[in-house]
Amino acid sequence: MQGKTVIVTGATNGIGEMTARELARAGAKVVIISRSAEKCQKTVHDIQSQTGNQNVSYIAADLSSLAEIRRTADEFKAKHQQLHILVNNAGAIFQQRQVSVDGYEMTFALNHLSYFLLTHLLLDTLKATAAKDGEARIINVSSDAHQAGKINFDDLQREKNPNASGFGAYGDTKLMNVVFTYELAERLQGSKVTANVLHPGFVRTGFGQNIPGIMKTLIGVMQVFALTPEKGAETSIYLAMSPEVKGVSGKYFAKKQAKKTTPASYDRAVWQKLWQVSEQLTGVTQTAYV
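Taking the working numbering, the leading residue of the sequence shown gets 61, the next gets one more, and so forth.
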């Protein structure tokens, strides 16, 4: 990983932090992106201390905001000419319906639109890097929760059923991660930029701690039996580093193995429609792909 530049979003705890740490340990120049500047500073310090790699930096940004995503991409590109690996990892679950600063349902905004827009804004850098160095990789963190997900284009913002948030909304967005990755991989054919998606397993992290009441307690009890963040990050790290997956694109991985996803995820009409809707909602006027 020497000489390679990496972005990991949602990297101040759990899977994201472990992924960033191990890529830094392997010698990569790592940029972490997370909402809290204070947590980012601590994480950068910790990773530098643990790995001896001083090429670790951060951009503090709320990735549920389209303007913040655009600022993040601009700030990154002002300082870095290359991007070898983009790990879209940031995500959350919200028990009650909330809306982002842009007026979009929060789970949808953070878990899907942030992946879509940040990837698009960095795609020119990824493609230029791949052309120069032979490859670049996009890695989207999803979940087996996608198997219960649905993509209801008539109610993406959950306005018709505002109480149906929580795990339902989360599963829907995890299916969107899969669908987005499959369509992205199709559009990137021939560019030497690959796109894959993964299930990390049920991991003992800070996930779900923003949920009040009994659901927070339930998640806390379940996490007693969960994987450690180190184990949960293994597939993300594998997809970022392993020569075995060079050139592999449009696949879903769990435990470092390619797996089938739910039948609903293979509907190409859904891939294309989600892409078009996401372009409209994020203001992407010209899609950057080969």
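We put the beta carbon where it would ideally sit given N, CA and C, even for glycine.
With which residues is residue i paired in a DSSP beta bridge?
| i | result |
| --- | --- |
| leucine 83 | Note: leucine 83 sits in no beta bridge, so no partner. |
| isoleucine 49 | Here the chain has residues from 61 to 350 only, and residue 49 is not among them. |
| isoleucine 199 | Val147 and Asn256 |
| lysine 319 | Tyr312 |
| glutamate 165 | Val159 |
CA-CA distance, residue i and residue j?
| i | j | result |
| --- | --- | --- |
| isoleucine 297 | valine 305 | 11 Å |
| glutamate 82 | serine 109 | 13 Å |
| leucine 178 | glutamine 340 | 15 Å |
| leucine 170 | alanine 150 | 7 Å |
| threonine 79 | arginine 218 | 32 Å |
| isoleucine 75 | asparagine 221 | 31 Å |
| histidine 144 | tyrosine 230 | 29 Å |
| asparagine 115 | threonine 345 | 34 Å |
| arginine 131 | glutamine 142 | 17 Å |
| glutamate 195 | glutamine 249 | 12 Å |
| aspartate 193 | aspartate 214 | 43 Å |
| alanine 88 | glutamate 98 | 23 Å |
| isoleucine 67 | leucine 216 | 28 Å |
| alanine 138 | asparagine 113 | 22 Å |
| lysine 319 | serine 203 | 12 Å |
| serine 251 | alanine 191 | 7 Å |
| lysine 364 | histidine 140 | This structure cannot settle anything about residue 364, because the visible part of the chain is limited to 61 through 350. |
| lysine 315 | tyrosine 164 | 33 Å |
| glutamate 128 | glutamate 135 | 10 Å |
| aspartate 327 | alanine 205 | 18 Å |
Thinking residue i and residue j are a contact (beta carbons under 8 Å), I'd like their distance in whole angstroms, please.
| i | j | result |
| --- | --- | --- |
| methionine 166 | glutamine 158 | 4 Å |
| threonine 69 | isoleucine 107 | Going by Cβ atoms, the distance from threonine 69 to isoleucine 107 rounds to 15 Å, so no, they are not a contact pair. |
| leucine 186 | isoleucine 198 | 7 Å |
| valine 161 | serine 125 | 5 Å |
| phenylalanine 176 | threonine 342 | 6 Å |
| proline 260 | glycine 292 | 4 Å |
| glycine 209 | isoleucine 153 | Between isoleucine 153 and glycine 209 the Cβ distance is about 13 Å, and since that is not below 8 Å, they are no contact. |
| serine 338 | leucine 173 | 7 Å |
Sorry if obvious, but does the Cβ on residue i come closer than 8 Å to a heavy atom of the ligand COA?
| i | result |
| --- | --- |
| lysine 64 | Of ligands this structure carries none, so the ligand COA is not represented either. |
For chain C, is any of its Cβ atoms less than 9 Å away from the one on residue i?
| i | result |
| --- | --- |
| glutamine 340 | No chain C is present in this structure, which holds just one protein chain. |
- Task: Would you be able to state if there are at least three C-beta pairs under 8 Å between the segment 325-334 and the segment 236-244?
- Result: yes
- the segment 226-235 in contact with the segment 98-110 per 3-pair CB rule at 8 Å: no
- Inspect the CB distances between the segment 109-122 and the segment 142-149 and report whether three or more fall short of 8 Å. no
- Message: Three Cβ pairs or more, each shorter than 8 Å: is that satisfied between the segment 306-313 and the segment 244-256?
- Response: yes
- Query: Of all the alpha helix (DSSP H) runs that stay within the bounds of the segment 174-239, which reach a length of 4 or more residues?
  - Reply: 174-193
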